[in-house]
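Notes follow once the structure below has been shown.
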Amino acid sequence: MKAGGGITDSGKVTVTGTTNLTAGTNDIVLDYSTNDFSKVTVTSAKKLTLVDANALNLGTSTLSGAVGITSHGTLTLMGNLNAGTNKVTLNSGSGAINGAYTVTSGSASLTGSTIGTAARPYINASGLLTLKATSAVNGVSATLRGPANLDVTVNSAPGSVLLNGKVIYP
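Start counting the sequence shown at 444; every next residue gets the next number (our numbering).
Written as structure tokens, this is what we have:
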């Protein structure tokens, strides 16, 4: 879907195939709680707010504003998510956040049952990076630029946090 303005919903949206969204410098707001997408890719937009009633696949997406994605099931990132220096919030509720992806952002917050799998996600953030999982944070690689901070919470015993590579603590 290509729009000369913003893209919004006024009720449930259901798409069984791939949804390609292009809004240029305008916002995309698809926040109806029972929306059901299979795969979404954003070619261009300012701000993205996306809610899905169950599992969601997100393809490579480029935004010039903040990103907020809520999936009420597994959220699989299938490409890069670039929000520049803007905030990225990914929430899969009781589902996992999976995939071989790179998130580029200012601050970033990822919340789910498990974050990361054998695919080794990469996060490049210039602000606070928050990873909250009820089960495990696995193999997440991150570069924190500037005065950035890392906050990792695993709420379940025997939850785990796996840090690979160089970890420097003052």
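Just so you know, even glycine gets a beta-carbon here, dropped at the ideal spot from N, CA and C.
Counting along the chain, V531 sits inside the beta strand (DSSP E) bounded by residues V531 to N534.
Cβ contact annotation for T451 (same chain, cutoff 6 angstroms, sequence separation greater than five): V472, in chain order.
By DSSP's assignment, V472 forms a beta bridge with T451 and T492.
The Cβ atoms of N469 and K489 lie closer than 8 angstroms to each other. Nearest to A526 by C-alpha distance, out of S552, D594, N592 and I558, is S552. Sorting S569, G454, V485 and A562 by C-alpha distance to the C-alpha of N478 places G454 at the top. Looking at the backbone, the Cα of L574 and that of G449 are separated by about 30 angstroms. About 12 angstroms separates the CB atoms of N534 and T517; that is not less than 8 angstroms, and the two are not in contact. In the DSSP annotation of this structure, S507 is not part of any beta strand (DSSP E), being labelled neither H nor E. Counting only residues of its own chain and dropping the five nearest sequence neighbours on each side, N567 has a CB closer than 8 angstroms to the CB of T545, V546, T547, S548, A585, T586 and R588. Here DSSP, grouped into helix, strand and coil, assigns Y544 to coil.
Counted as a single uninterrupted DSSP element, the beta strand (DSSP E) harbouring N567 occupies residues Y565 to A568. Cβ atoms of G559 and G582 come within 8 angstroms of each other, at about 5 angstroms. In this structure, the beta-carbon distance from T465 to T492 does not fall below 8 angstroms. L574 is bridged by DSSP to L553 and V595.
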